[in-house]
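Trainee: Structure provided below as structure tokens; questions to follow.
Protein chains: 4
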Amino acid sequence: MTEFVTAIESKNISLEFANRLLEAAVQKGKELGIPFSIAIVDKVGNLKAFAAMDGAPVLSLEIAQNKAFSAAAYNRATHEWYDRLKDDPPLLHGIVHTERLVIFGGGYPIKINDELIGGIGVSGGHYSHDMQVCEAALEVASEFNSKVV
Amino acid sequence: MTEFVTAIESKNISLEFANRLLEAAVQKGKELGIPFSIAIVDKVGNLKAFAAMDGAPVLSLEIAQNKAFSAAAYNRATHEWYDRLKDDPPLLHGIVHTERLVIFGGGYPIKINDELIGGIGVSGGHYSHDMQVCEAALEVASEFNSKVV
Amino acid sequence: MTEFVTAIESKNISLEFANRLLEAAVQKGKELGIPFSIAIVDKVGNLKAFAAMDGAPVLSLEIAQNKAFSAAAYNRATHEWYDRLKDDPPLLHGIVHTERLVIFGGGYPIKINDELIGGIGVSGGHYSHDMQVCEAALEVASEFNSKVV
Amino acid sequence: MTEFVTAIESKNISLEFANRLLEAAVQKGKELGIPFSIAIVDKVGNLKAFAAMDGAPVLSLEIAQNKAFSAAAYNRATHEWYDRLKDDPPLLHGIVHTERLVIFGGGYPIKINDELIGGIGVSGGHYSHDMQVCEAALEVASEFNSKVV
Numbered sequence: 002m003t004e005f006v007t008a009i010e011s012k013n014i015s016l017e018f019a020n021r022l023l024e025a026a027v028q029k030g031k032e033l034g035i036p037f038s039i040a041i042v043d044k045v046g047n048l049k050a051f052a053a054m055d056g057a058p059v060l061s062l063e064i065a066q067n068k069a070f071s072a073a074a075y076n077r078a079t080h081e082w083y084d085r086l087k088d089d090p091p092l093l094h095g096i097v098h099t100e101r102l103v104i105f106g107g108g109y110p111i112k113i114n115d116e117l118i119g120g121i122g123v124s125g126g127h128y129s130h131d132m133q134v135c136e137a138a139l140e141v142a143s144e145f146n147s148k149v150v
Numbered sequence: 002m003t004e005f006v007t008a009i010e011s012k013n014i015s016l017e018f019a020n021r022l023l024e025a026a027v028q029k030g031k032e033l034g035i036p037f038s039i040a041i042v043d044k045v046g047n048l049k050a051f052a053a054m055d056g057a058p059v060l061s062l063e064i065a066q067n068k069a070f071s072a073a074a075y076n077r078a079t080h081e082w083y084d085r086l087k088d089d090p091p092l093l094h095g096i097v098h099t100e101r102l103v104i105f106g107g108g109y110p111i112k113i114n115d116e117l118i119g120g121i122g123v124s125g126g127h128y129s130h131d132m133q134v135c136e137a138a139l140e141v142a143s144e145f146n147s148k149v150v
Numbered sequence: 002m003t004e005f006v007t008a009i010e011s012k013n014i015s016l017e018f019a020n021r022l023l024e025a026a027v028q029k030g031k032e033l034g035i036p037f038s039i040a041i042v043d044k045v046g047n048l049k050a051f052a053a054m055d056g057a058p059v060l061s062l063e064i065a066q067n068k069a070f071s072a073a074a075y076n077r078a079t080h081e082w083y084d085r086l087k088d089d090p091p092l093l094h095g096i097v098h099t100e101r102l103v104i105f106g107g108g109y110p111i112k113i114n115d116e117l118i119g120g121i122g123v124s125g126g127h128y129s130h131d132m133q134v135c136e137a138a139l140e141v142a143s144e145f146n147s148k149v150v
Numbered sequence: 002m003t004e005f006v007t008a009i010e011s012k013n014i015s016l017e018f019a020n021r022l023l024e025a026a027v028q029k030g031k032e033l034g035i036p037f038s039i040a041i042v043d044k045v046g047n048l049k050a051f052a053a054m055d056g057a058p059v060l061s062l063e064i065a066q067n068k069a070f071s072a073a074a075y076n077r078a079t080h081e082w083y084d085r086l087k088d089d090p091p092l093l094h095g096i097v098h099t100e101r102l103v104i105f106g107g108g109y110p111i112k113i114n115d116e117l118i119g120g121i122g123v124s125g126g127h128y129s130h131d132m133q134v135c136e137a138a139l140e141v142a143s144e145f146n147s148k149v150v
């Protein structure tokens with residue numbers, strides 16, 4: 002007999018961890034000499050922590066949040082979208098209009114031991130710079146992966 | 002030494018359970034002879050399951066969803082708001098403008114063993130009818146509370 | 002003498018039928034091993050019934066509803082749009098911005114004996130998967146077509 | 002001869018200072034034992050820094066941001082609105098519909114030597130709690146006022 006399941010258990014990013022990632026991202030931004038906006042969202046895409054570096058362009062505030070949302074809400078890094086779209090014209094012309102969906106680099110899922118717990122989004126430079134900032138933050142996350150028992 | 006917490010564990014309503022509550026709500030609606038809209042959301046207020054009974058007024062579609070959202074997003078039954086607002090004029094004139102917040106009856110948090118796992122919202126009758134439909138559904142939930150070990 | 006027409010009769014999907022389609026769609030989703038969001042709307046595109054399978058990506062909740070809306074609101078399966086747009090640049094670059102319009106697969110009109118009574122929209126996989134789920138549900142609808150006298 | 006003025010100089014909150022205020026607010030939230038959302042905006046109301054404490058209700062995410070926006074965008078603490086509205090019916094029934102305007106406590110301008118540089122908004126408890134959290138953060142700001150030469 003199959004058991005009736007009333008609720009599904011899952012993990013969600015803590016503020017403490019979100020702030021650690023934010024700090025690493027800001028540090029990387031300073032190294033690159035570019036003022037970025039950096040957003041951390043929880044596993045359903047709700048804002049958890051945010052920082053706009055001094056001088057970050059106004060447009061970057063929302064793009065960073067949308068990238069983080071996109072990454073968590075579809076469990077896919079935003080730079081992975083284009084390869085899947087480029088030879089699929091209906092998607093290429095269609096899905097890009099989805100509200101808050103960003104299909105260029107700078108948004109990554111945050112995972113602990115392969116479980117999605119949140120997302121990070123960065124905006125302010127070319128997306129190749131934004132991606133470097135995300136990756137610097139996610140290195141912090143990867144350290145924690147090895148520590149979790 | 003305090004341990005660093007990367008993620009918070011929590012429970013979220015399953016589709017199976019949401020459908021069970023929906024079924025009980027529709028059943029109660031038929032007994033009352035009123036066509037209701039009934040929405041079940043997860044613990045962060047995202048839509049999980051929905052049914053509009055045949056003849057449900059168009060306005061009820063969104064109100065039901067907003068009630069369920071309100072109940073989950075603030076962990077409070079919607080009919081409990083007014084008592085807290087009526088002698089607090091700034092809130093009474095202010096918080097009612099919050100997007101998607103409903104302050105009259107027909108939205109309830111769904112809990113298992115006191116943990117919030119979702120919300121239910123009903124619209125279509127006077128809110129006193131809407132509340133009866135919610136309560137009929139939540140009786141199903143309460144049965145499961147006693148079963149959880 | 003021409004008769005004066007005060008009102009037009011039409012058919013609209015019942016909740017009972019919508020739930021039957023929803024159930025078949027969820028069943029197909031389980032077979033594919035992908036968590037989908039599935040929306041059924043009535044003939045004017047208003048939400049009738051909805052289910053988000055456990056683990057369905059957050060983005061899929063709204064896309065599923067928009068696909069169902071698109072299908073009913075234009076009486077056209079969403080995958081049929083691109084062929085009509087691709088050699089018509091004004092439409093290709095213009096109509097895709099229409100709010101809630103989806104132009105890739107996963108949304109179908111629901112008809113009984115060729116009369117539009119609603120729409121179904123599915124999201125969660127590639128649109129080719131989403132289409133399979135819709136088609137599984139619509140097979141149920143086709144059984145009813147043959148039964149109607 | 003009057004000099005032609007091409008641009009106006011102004012001060013805006015730094016990320017470093019915003020984070021200091023955020024930290025003090027989170028600390029106060031822990032003391033009160035309530036999970037708050039805390040938003041810091043710059044002098045034009047754009048998001049500068051944000052933190053959602055673990056367990057903060059979903060509704061608080063946006064209300065906190067709106068309070069901070071209201072405070073900076075009108076250079077007025079949100080709890081000061083109601084006294085100005087209560088005997089002015091056109092405003093009382095009209096201005097409360099302004100998008101993002103919050104008229105109950107929990108939003109404060111941030112000033113250095115009487116110059117507006119940003120805003121703070123807190124949500125999660127009754128607004129009297131939200132105000133305590135803001136005030137704890139603004140004490141940090143007042144320390145800096147005395148230091149400025």
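Chains as they are written, first to last, in this note's numbering: chain A, 2 to 150; chain B, 2 to 150; chain C, 2 to 150; chain D, 2 to 150. Ideal placement from N, C-alpha and C gives every residue a C-beta, glycine not left out.
Using the C-alpha atoms, what's the distance from A52 of chain B back to L33 of chain B?
Mentor: The residue given as residue 33 of chain B occupies position 32 in the second sequence. The residue given as residue 52 of chain B occupies position 51 in the second sequence. Cα-Cα distance, rounded: 16 Å.
Trainee: Quick check: what's the CA-CA separation for A65 of chain D versus G119 of chain C?
Mentor: Here the question's residue 65 of chain D lines up with position 64 in the fourth sequence. Here the question's residue 119 of chain C lines up with position 118 in the third sequence. Approximately 40 Å, taken between the alpha carbons.
Trainee: Verify whether the separation of the beta carbon atoms of F37 of chain A and T79 of chain A is less than 8 Å.
Mentor: As a first step, residue 37 of chain A must be located in the first sequence, where it is residue number 36. As a first step, residue 79 of chain A must be located in the first sequence, where it is residue number 78. Taking 8 Å as the Cβ cut-off, F37 of chain A and T79 of chain A do not qualify as a contacting pair.
Trainee: Please check if any C-beta of chain C sits within less than 8 Å of the C-beta of V45 of chain A.
Mentor: Translated into positions along the first sequence, residue 45 of chain A becomes position 44. Chain C, which has a Cβ nearer than 8 Å to the Cβ of V45 of chain A, makes this yes.
Trainee: Given that K13 of chain A touches chain B, what residues does it touch there, using C-beta distances under 9 Å?
Mentor: As a first step, residue 13 of chain A is located in the first sequence; it is residue number 12 there, counting from the start. For clarity, residue 13 of chain A is Asn in the given sequence; the question names Lys instead. Neighbours of N13 of chain A on chain B, chain order: A8, I9, E10 and S11.
Trainee: Between which two residues does the alpha helix (DSSP H) containing K68 of chain B stretch?
Mentor: Along the second sequence, read from residue 1 onward, the residue named residue 68 of chain B stands at position 67. Where K68 of chain B is concerned, the enclosing alpha helix (DSSP H) stretches over V59 to Y75.
Trainee: Between D1 of chain B and the rest of its own chain, which residues show a CB-CB distance below 6 Å, the 5 nearest in sequence each way excluded?
Mentor: The first residue shown for chain B is 2 and the last is 150, placing residue 1 of chain B beyond what the model contains.
Trainee: How many angstroms separate the CA atom of G1 of chain C from the CA atom of H94 of chain C?
Mentor: Outside the modelled stretch of chain C, which goes from 2 to 150, sits residue 1 of chain C, for which no answer is possible.
Trainee: Just curious, the beta strand (DSSP E) that N47 of chain D is in, first and last residue?
Mentor: Reading the fourth sequence from its first residue, position 46 is the one you call residue 47 of chain D. Here N47 of chain D belongs to no beta strand (DSSP E), and DSSP marks it neither H nor E.
Trainee: Might you give, ordered along the chain, the residues of its own chain that have their beta carbon closer than 6 Å to the beta carbon of G56 of chain B, omitting 5 neighbours on each side?
Mentor: Stepping through the second sequence from its first residue, residue 56 of chain B is reached at position 55. Within the same chain, G56 of chain B has close Cβ partners P36.
Trainee: Give the secondary structure of G106 of chain B by DSSP, where H, G and I count as helix, E and B as strand, and everything else as coil.
Mentor: Taking the second sequence and counting its residues from 1, one reaches residue 106 of chain B at position 105. Three-state result, G106 of chain B: coil.
Trainee: Is the CB of I96 of chain A under 8 Å away from at least one CB in chain C?
Mentor: Numbered from 1 along the first sequence, position 95 holds the residue referred to as residue 96 of chain A. With 8 Å as the cut-off, I96 of chain A counts as an interface residue toward chain C.
Trainee: Applying a beta-carbon distance threshold of less than 8 Å, which residues of chain C neighbour V59 of chain B?
Mentor: Working through the second sequence from its first residue, we reach residue 59 of chain B at position 58. Within chain C, the residues near V59 of chain B are N47.
Trainee: For chain B, check one thing: does any of its Cβ atoms lie closer than 8 Å to the Cβ of L117 of chain D?
Mentor: Taking the fourth sequence and counting its residues from 1, one reaches residue 117 of chain D at position 116. Chain B contact via Cβ: absent.
Trainee: If you drop the 5 nearest sequence neighbours on each side, which residues of the same chain put their C-beta closer than 8 Å to that of L86 of chain A?
Mentor: For this step, residue 86 of chain A is matched to residue 85 along the first sequence. Closer than 8 Å at the Cβ level, and outside the excluded window around L86 of chain A, lie L92, L93, I96, V97 and I104.
Trainee: Would you check if there are 3 or more beta carbon pairs closer than 8 Å linking the stretch 15 to 34 of chain D to the stretch 43 to 51 of chain D?
Mentor: Touching, per the Cβ criterion.
Trainee: Which same chain residues end up closer than 6 Å to E63 of chain A when comparing Cβ atoms and leaving out the 5 residues on each side of it in sequence?
Mentor: Walking along the first sequence from the start, residue 63 of chain A turns up at place 62. Cβ within range, chain order: n/a, list empty.
Trainee: Identify every residue that forms a DSSP beta bridge with D43 of chain B.
Mentor: Working through the second sequence from its first residue, we reach residue 43 of chain B at position 42. Beta-bridge pairing links D43 of chain B to B:G119.
Trainee: So if I threshold CB-CB distances at 8 Å, which residues from the stretch 63 to 93 of chain A count as touching chain B?
Mentor: Taking 8 Å as the Cβ-Cβ cut-off against chain B, none of the residues of the stretch 63 to 93 of chain A qualify.
Trainee: Is there a Cβ of chain A sitting closer than 8 Å to that of E144 of chain B, yes or no?
Mentor: The residue labelled residue 144 of chain B in the question sits at position 143 within the second sequence. So, not an interface residue.
Trainee: State yes or no: is the C-beta of K29 of chain B within less than 8 Å of the C-beta of V134 of chain B?
Mentor: Taking the second sequence and counting its residues from 1, one reaches residue 29 of chain B at position 28. Taking the second sequence and counting its residues from 1, one reaches residue 134 of chain B at position 133. Cβ distance < 8 Å, so K29 of chain B and V134 of chain B count as in contact.
Trainee: Whose C-alpha, out of D:G122, D:E144, D:P90 and D:F5, is nearest the C-alpha of I113 of chain D?
Mentor: Within the fourth sequence, residue 113 of chain D is the residue found at index 112, counting from 1. Comparing Cα-Cα distances from I113 of chain D to each of D:G122, D:E144, D:P90 and D:F5, the minimum goes to D:E144.
Trainee: Assuming E131 of chain B contacts V123 of chain B under a Cβ cut-off of 8 Å, what Cβ separation, rounded to an integer in Å, is found between them?
Mentor: For the purposes of this step, residue 131 of chain B is identified with residue 130 of the second sequence, where counting begins at 1. For the purposes of this step, residue 123 of chain B is identified with residue 122 of the second sequence, where counting begins at 1. Checking the displayed sequence, the identity of residue 131 of chain B turns out to be Asp instead of Glu. Their Cβ separation, rounded to whole angstroms, is 4 Å, which keeps D131 of chain B and V123 of chain B in contact under 8 Å.
Trainee: Going by other Cβ atoms of all chains shown within 10 Å of its Cβ, with 16 needed for buried, is I14 of chain B buried or exposed?
Mentor: Here residue 14 of chain B refers to the residue found at position 13 of the second sequence. Buried, since its Cβ has 16 or more Cβ neighbours within 10 Å.
Trainee: Measure the CB-CB distance between V59 of chain A and N47 of chain D and report whether it falls below 8 Å.
Mentor: Within the first sequence, the letter at position 58 stands for residue 59 of chain A. Within the fourth sequence, the letter at position 46 stands for residue 47 of chain D. Result yes, Cβ atoms of V59 of chain A and N47 of chain D sit closer than 8 Å.
Trainee: Give me the subset of the stretch 18 to 31 of chain B whose CB atoms are less than 9 Å from a CB atom of chain A, sorted by chain position.
Mentor: Answer set for the stretch 18 to 31 of chain B: F18 and R21.
Trainee: List, in chain order, every chain D residue whose beta-carbon is nearer than 8 Å to that of L102 of chain B.
Mentor: The residue you call residue 102 of chain B lines up with position 101 of the second sequence. In chain order: L60.
Trainee: Starting from A19 of chain C, follow the alpha helix (DSSP H) in both directions and report where the run begins and ends.
Mentor: As a working mapping, residue 19 of chain C is identified with position 18 in the third sequence. Its alpha helix (DSSP H) spans residues L16 to L33.
Trainee: In terms of residue numbering, what span does the alpha helix (DSSP H) encompassing H94 of chain B cover?
Mentor: Residue numbering aside, residue 94 of chain B sits at position 93 when the second sequence is read from its first letter. Note, H94 of chain B: alpha helix (DSSP H), P90 to G95.
Trainee: Between which two residues does the alpha helix (DSSP H) carrying R85 of chain D extend?
Mentor: Indexing the fourth sequence from 1 puts residue 85 of chain D at position 84. R85 of chain D -> alpha helix (DSSP H) spans W82 to L86.
Trainee: Taking only beta-carbon atoms, is M132 of chain B less than 8 Å away from chain C?
Mentor: On the second sequence, residue 132 of chain B is found 131 positions in, with the first residue counted as 1. No, M132 of chain B does not count as interfacial toward chain C.
Trainee: Could you check the C-alpha separation between F18 of chain D and A72 of chain B for me, to the nearest Å?
Mentor: In the fourth sequence, the residue the question calls residue 18 of chain D occupies position 17. In the second sequence, the residue the question calls residue 72 of chain B occupies position 71. Using only the alpha carbons, I get a separation of about 36 Å.
Trainee: Skipping 5 residues on each side, what residues in its chain have a beta carbon closer than 7 Å to that of V42 of chain B?
Mentor: Against the second sequence, residue 42 of chain B aligns to sequence position 41. Contacts found: L48, K49, A69, F70, A73, G119 and G120.
Trainee: Starting from F105 of chain D, find everything on chain B with Cβ-Cβ shorter than 7 Å and list it in chain order.
Mentor: Residue numbering aside, residue 105 of chain D sits at position 104 when the fourth sequence is read from its first letter. Simply P91, L92, G95 and I96.
Trainee: How many Å lie between S61 of chain C and Y75 of chain B at the Cα?
Mentor: Here residue 61 of chain C refers to the residue found at position 60 of the third sequence. Here residue 75 of chain B refers to the residue found at position 74 of the second sequence. So the two alpha carbons sit approximately 24 Å from each other.
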